[in-house]
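Following: one structure in structure tokens, then a few remarks.
Chains as they are written, first to last, in our numbering: chain A, 1305 to 1791; chain B, 5 to 336; chain C, 2 to 316.
If you want it as structure tokens, here you go:
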């Protein structure tokens, strides 16, 4: 009952998307990370406004000035991070800001009864007086959905609701969605887990690089077709051909790494000069592994063997001293100090190298910085430029440079090309290649499987915190990874 | 595409530079204006005697403020300086009979180190943030203030007036009063450490983005704890000077001191958002307060009016700081 | 496990009961009618401010200026009485509280300043103002109406206690039963969510500062009536005591969690402690020390427990 089209010129976040969702269906929205699913849904729910394009809802052209506006018109989005106030009761959260009763006398009986009513519609028997903090994540989702229903929502958007749920909780969610559909509510379900799509969705729309690739009926579409749609075809030419590099001896072995609720028995080896890819869906435990090896988080069981010796990394300082570095996913918050100049960023992980008796030697710092700018061909007018003024790709290079300067032998790169444009991407690939050419080893985490395949010697595929398989870079294909990652 | 970005970056950088310069000059200009006002108000103002008098009076505040600058650059806050000033003032005098003046000074410095260590350790243990540092040090400051009162039973102590003790408040070095010499001495040390050492650099990095600093291997908790220890030690030396200047040790000498210290740091332009600021700026802030106090007196304002004026001035300084911050955010 | 948990969740009440038992054992005088009346009367003025402070802390803000506002209000009223008469003077003083709250609230809600630092400045400002206006001397106020309000009785119960009781019931009602009260919780619990739900966060931030300043003004009026004079020196420990009471009661500094009964419990814990130390002839300096230590412990505990919780949620 709805025709949407909108475009974002310039930025390629969304490019003239057409999406049609019919009343009473569960419409799946698929796509790799960064395909633009979340952006599209933000537009639909009034979080951001489109630059161009129109939204029709129930055959009427609508414009949403804010999420509240969209809610009142009947479109509610349920984000991954739930928008509930944890200290308040379920009932109060459902009617937050619009409690029943007069201004001076909230009718708690009515509030609780109505809350119960909506909770029942969702198919749950949660006591409305329960404090939200004491609920499970699945129950919190149900409360969110009940809240959406209380707005008389006709369309509920669920943004990767399954990412935070376990198996039995997932079943609960599906039952809830079925109940919703019975009541004539339309659902847009975002996920990249195919088995969920198979189970719950009527039709799907696949997105890639900010464009809608196509809309299909689920029952008439094979998994292979879907995977092809997500991955796309024209990938080969984007990536450089890798020179083959002689692999050295084993430099790091991860043995039975276990972190409660996140990682189970993860083991793999990394050789000198190797690029080891780590693939998996959101929540599979990729970043967790990286942070454990780097000492940023603690793990419960397992051991790390580095250069033949068992090591203990209690904090990042220890890891850096040993020669292990992490280029974090969130480079602006964790990788760089954006309001500081480049040279200060370069040297922050190895202040010892530019100092004597605790005194910083400016000359040495500047010299080293100039060298790093040249080595990684970072585009900047000066080493005194503030990091905030650099483009995303160049910022990423600065973070890499920081750990190069700290003499890291192993670099863990967590999503190094996310949010980076094509040209800079290629330069980052060159940097990675140069790293291994110089005898460093790289642990590459990426959601871009084509990128992983093109760069990696081997790829470890994770699923729910466990290693589901290992592929050699030459034999791997996105389809194979996806199949393993989905299990 | 690339050239467009570069051009934009360049203009942005230029714009930023000019703005930063203006912001830096603000406090200096304010100081100059105050000095002009002072010299118009009274012919005495610009005499050597009065100027030295101003400097002598701000030296205790100055010691606290340069120490606080370290803490604030590290994105923490220390409200316990007031209690520390009172406690150190009475302890030095109290220890004199047992340890001698020099021994007492060292003992009090030791106490200060422990206080700083406790402040830092509590905040580390509870994983406290900026807000926690304010509240916790408010509490520890209350404890220190009550300890000062407990130690003397609420009375003022009389020190033994030996030469070492009296020198700090009343002596001089090369013709310059000792409090000023002490302030200059520590200012230079703190300036050099902050600007030229890796420790100083680490404070900036910690304050600017503690997570990025941690992931770069900087021991952020240790750094912050040391800044607490530094401010406590400097304040305890301030306590010594204050006791020596007045030749008595009052257990309530520190009341309101924290506000003066915050005022000096904020007026100097060190951002409470952390990661920026320096000793010379804080000294300008300290000078402004000193001259302001002097001008107040010349204008015949009471102590009470000065309290009010200070409250207003800090809010104004905070607002300026806030505006700078917002501009940065908008840019980011 | 669940019994233990339930007992643990009532730990503040248990501490309070334990203290009452300990106090009545260690001093036979403790549980007499006179002492209890005296205790509650003593508490009532800080109690009124604690009720208001609960609103502020529930909103995730802080107000250190209440003591100074209390002192200044007392002086202000005494200076107004000769000109306007007692009734108008009282009303004007309460209006003064509103204005002071609006100013603080504006600085916090619109200009984004840290409420702790702003109210610290405000504390010095109003302290200075009180001292300046009074010339640093207590101003005496002999007024029968004022005296009756603070020192009279109603059905044999001191007026102050009646007033504390009424305001407690009112505050509790507002927080539990009115939309305003619930929105105070929502804003403190999660500002972002509250904003997205269409709640005007700024309005609530400003309103809680108005409440706390008006309560401080009222406290200033009552204290003046009680002492028959307004002193610029009172109230220096008010903020510390009141905040301690609220936090000890179990209202979280993280906002959105807490209640009036909790604050009342915290208030009585402090009051009994104070009373007991007085009965046992412990010097008041020790009391400040204990208060400070308690504050560090409770705030530390609050933050520590929160950091633990965050880890759990992250897992």
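Ideal Cβ positions, reconstructed from N, Cα and C, are used throughout, including at glycine.
How should residue 1445 of chain A be labelled, buried or exposed, when 16 other C-beta atoms within 10 angstroms of its C-beta is the threshold for buried?
buried
Could you list which residues in chain B have their beta carbon closer than 8 Å to that of residue 1621 of chain A, in chain order?
221, 222 and 223
Below 8 Å, how does it come out for the stretch 1566-1575 of chain A and the stretch 1525-1535 of chain A: are there three or more Cβ pairs, yes or no?
no
Assuming residue 1757 of chain A and residue 1781 of chain A are in contact, meaning their beta carbons sit under 8 Å apart, how far apart are those beta carbons, in whole angstroms?
7 Å
Using the beta-carbon count (16 or more within 10 Å), is residue 1734 of chain A buried or exposed?
exposed
Using the rule of at least 16 other Cβ atoms within 10 Å of the residue's Cβ for burial, across every protein chain shown, is residue 1476 of chain A buried or exposed?
When all chains shown are included, residue 1476 of chain A counts as buried.
Contacts that residue 194 of chain C makes with chain A (C-beta to C-beta distance below 8 Å)
Identification of chain A residues near residue 194 of chain C by a Cβ-Cβ cut-off of 8 Å yields 1387, 1388, 1389 and 1400, ordered along the chain.
Where residue 184 of chain C meets chain A, residues with beta-carbon distance less than 7 Å:
In chain order: 1401.
Under 8 Å between C-beta atoms, does residue 106 of chain C make it to chain B?
no
By Cβ distance below 6 Å, which residues in the same chain neighbour residue 1373 of chain A in space, the five residues on each side in sequence not counted?
1350
First through last residue of the beta strand (DSSP E) which encompasses residue 1359 of chain A:
1356-1361
Neighbour list for residue 326 of chain B in chain A, Cβ cutoff strictly below 7 Å:
In chain order: nothing, as chain A lies at least about 16 Å away.
Give, in chain order, every unbroken run of the alpha helix (DSSP H) that is at least 4 residues long and sits entirely within the stretch 1629-1676 of chain A.
1646-1651
Rounded separation between residue 88 of chain C and residue 77 of chain C - CA only:
13 Å
Would you say the stretch 106-122 of chain B touches the stretch 317-327 of chain B, given that touching needs at least three Cβ pairs under 8 Å?
A contact is defined here as three or more CB-CB pairs under 8 Å, and the stretch 106-122 of chain B fails this definition with respect to the stretch 317-327 of chain B.
Less than 8 Å separating the beta-carbons of residue 1765 of chain A and residue 1584 of chain A?
yes
Check: residue 1787 of chain A C-beta below 7 Å from any heavy atom of the ligand PLP
Ligands are entirely absent from the displayed structure, and the ligand PLP is therefore not among its contents.
C-beta atoms of residue 53 of chain C and residue 203 of chain C nearer than 8 Å:
no
Which runs of the alpha helix (DSSP H) at least 4 residues long sit entirely within the stretch 1561-1610 of chain A? Give them in chain order.
1590-1598
Chain A contacts from the stretch 181-210 of chain B (Cβ-Cβ distance under 9 Å):
196, 197, 199, 200, 201, 202, 203, 204, 205, 206, 208 and 209
Going by beta-carbon coordinates alone, are residue 201 of chain B and residue 227 of chain B separated by less than 8 Å?
Taking 8 Å as the Cβ cut-off, residue 201 of chain B and residue 227 of chain B do not qualify as a contacting pair.
Taking Cβ-Cβ distances below 8 Å as the criterion, which residues of the stretch 1413-1425 of chain A are in contact with chain C?
none
Can you give the Cα-Cα distance for residue 1499 of chain A and residue 1491 of chain A, rounded to whole angstroms?
17 Å
Check whether residue 1531 of chain A and residue 1786 of chain A have beta carbons under 8 Å apart:
yes
Would you say residue 216 of chain B lies against chain A (beta-carbon separation less than 8 Å)?
yes
To test your reading of the DSSP string, which unbroken alpha helix (DSSP H) runs of 4 or more residues are found completely within the stretch 24-73 of chain C?
Whole alpha helix (DSSP H) segments, 4+ residues: 34-59.
Can you confirm whether the stretch 307-319 of chain B touches the stretch 279-287 of chain B when touching is taken to mean that 3 or more C-beta pairs between the two stretches lie within less than 8 Å?
no
Which residues in the same chain as residue 1443 of chain A place their Cβ atom closer than 8 Å to its Cβ, once the five residues preceding and following it in sequence are excluded?
Result list for residue 1443 of chain A: 1428 and 1430, in chain order.
Quick one: is residue 37 of chain C buried, meaning 16 or more other Cβ sit within 10 Å of its Cβ, or exposed?
Under the 10 Å beta carbon count, residue 37 of chain C is surrounded by fewer than 16 other beta carbons and is classified as exposed.
Please classify residue 294 of chain B: is it buried, with 16 or more other beta-carbons within 10 angstroms of its beta-carbon, or exposed?
buried
So the candidates are B:247, B:58 and B:251; which of them puts its Cα closest to the Cα of residue 181 of chain B?
Residue B:58 is the option with its Cα nearest to residue 181 of chain B.
Rounding to the nearest angstrom, what Cα-Cα distance links residue 1562 of chain A and residue 1616 of chain A in this structure?
15 Å
Can you confirm whether residue 146 of chain B, when its beta carbon is compared against all beta carbons of chain C, has any partner nearer than 8 Å?
yes
Residues of chain C with a CB under 8 Å from the CB of residue 1407 of chain A: which are they?
179, 180 and 181
Distance between beta carbons of residue 1408 of chain A and residue 1450 of chain A, contact taken as under 8 Å
About 26 Å; that fails the 8 Å criterion.
Separation of residue 1732 of chain A from residue 1674 of chain A, as counted between CA atoms
Roughly 19 Å between the two C-alpha positions.
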